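Chains A and B, in that order, are what the protein sequence lines are. Just so we're aligned: the first sequence equals residues 1 to 194 in the numbering used here. Just so we're aligned: the second sequence equals residues 195 to 361 in the numbering used here. Idealized CB from N, CA, C, for every residue including glycine. Here the structure is a predicted model, which is why all the values come from computation and not from measurement. Reviewing the structure listed below.
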Amino acid sequence: MTYKNGYIGSWPLPVRDQVLLALVSGLIIATRIAIRPPIRIPGHSGLLWMGLILVGIGVVRRPGAGTMIGIVTGLLATVMYPGRLGIFVGVRYLIPGIVADLLFALFGGQLNRAWVAMIIAASANMAKLAVNYFVGLTLGIPAGFLAAGLGVASTTHLVFGALGGLAASAVLNHLQSTGALSRLWPMKGEEMAS
Amino acid sequence: MEQGGEDTKEGRDGVRNGLRRKQRIAAALTLGVLVATVGIAWLLEASARRSDGSAPYTVRVEQAGETIGVLELEDLRSLEQQSVVALGRRQEGPALLTVLATCGVDEFEHVEVFGMGYRDSGYIKLSVEEIDEDMLLDFNNRGTTKLVSPEMAWTKRVRDVERIVVK
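Rendered as structure tokens:
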């Protein structure tokens, strides 16, 4: 069986993939709450968040993996800190996952290439910023308040997202070079040959 | 394996070249969209600055249904500043008690703090026993304040504080 766009399989997701994606989602929420680096720069959370999404997608390599991470993370966030945003909390996590999925397919799943991973993660982090802006507008928060610092925030979101992608690419390359990926998640070639 | 021309070396090279070309186009398009988004963000910020020169952010303090103080960012900065470390990060701003005292509040049973609710629940109710000198309104990057204290959980924080109701 041959799969396109760098995928190694299709739906339904095997249990190991579901477990991995759930773990990644849990890690994203845990890092959001527990890891508070002393960096007062907007978008810095994208370094870990987008990095984790890409690692999840890069290991599972099935359509919709990023969206799945987004849905599960969104549900966890909605349960843990819903606030006034309600379901919009989930949307914040869902959209970057969808963007990462679409770009993963567009770039043929080449996450081992640092520049591809950087572009995908930067785009996902920018999508997060855009969602925050539009959610704010939907909630009736003054556009002037939302726009304050938006220029710098967009630039830093881009940079931190790209750094997250770079880190994810390094992790995936390391997993691949040590053979961990091929042992637990068969490579495309191996699956094709079987 | 796929059948036909792709099994030959030329066929595989052709597929690879096609993929590379597709990736280059995708990269150019994505980078274009990213740069355009950053540009739009800077434009939005610049137009917001031009259209509103006044200080848009204030913290209103209310008691018994009446407003007893409206503090702009500069007012808050002019108060005695406190510094604490909460969840590993330094937070700086006026203590909540200092803000209340500035508005003439000396006795109260509890305080309700309302934020914009954009990044959190936007609400917390605190009894007088729960408030100490280490609970403060930290200045953030967005030109607003958030209510923090070393003992307060991350999920309990109120960001973009707008209103404090004293009871």
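Residues of the same chain with a CB within less than 6 Å of the CB of residue 357 of chain B, apart from the 5 flanking positions on each side, are 254, 308 in chain order. Boundaries cannot be given for residue 351 of chain B, as no beta strand (DSSP E) includes it and DSSP labels it neither H nor E. The residue among B:329, B:256, B:314 with its C-alpha nearest the C-alpha of residue 285 of chain B is B:329. Ranked by Cα distance from residue 336 of chain B, the first of B:343, B:355, B:322 is B:355. Taking a contact as a CB-CB distance under 8 Å, the pair residue 121 of chain A and residue 77 of chain A does not count as one, their CB atoms being some 19 Å apart. Contact check for residue 74 of chain A and residue 96 of chain A: beta-carbon distance about 10 Å, past the 8 Å limit, so the pair fails to qualify. Shown here, residue 332 of chain B sits in a strand according to DSSP, grouped into three states. Put simply, of A:131, A:42, A:176 the residue whose alpha carbon is nearest the alpha carbon of residue 98 of chain A is A:131. Within chain B, the residues whose beta carbon sits less than 7 Å from that of residue 106 of chain A are 220, listed in sequence order. Its chain contains 253 as the residues whose beta carbon lies nearer than 6 Å to that of residue 265 of chain B, once the 5 sequence neighbours on both sides are disregarded; these appear in chain order. Between residue 31 of chain A and residue 48 of chain A, the beta carbon gap of about 5 Å places them in contact (Cβ cut-off 8 Å). DSSP places residue 133 of chain A in no beta strand (DSSP E) but in the uninterrupted alpha helix (DSSP H) bounded by 114 to 138. Residue 220 of chain B sits away from residue 102 of chain A, with the two beta carbons spaced by 8 Å or more. Within chain A, no C-beta atom comes nearer than 8 Å to that of residue 202 of chain B; the closest sits roughly 16 Å away. Look at residue 36 of chain A here: in three-state DSSP terms it is coil, with no helix or strand label. Closest in alpha carbon position to residue 15 of chain A, among A:62, A:46, A:51, is A:62.
Rounded to the nearest angstrom, the Cβ distance from residue 293 of chain B to residue 331 of chain B is 6 Å, consistent with a contact under 8 Å.
Excluding its 5 nearest sequence neighbours in each direction, residue 58 of chain A has C-beta neighbours in its own chain below 6 Å: 111, 172, listed in chain order.
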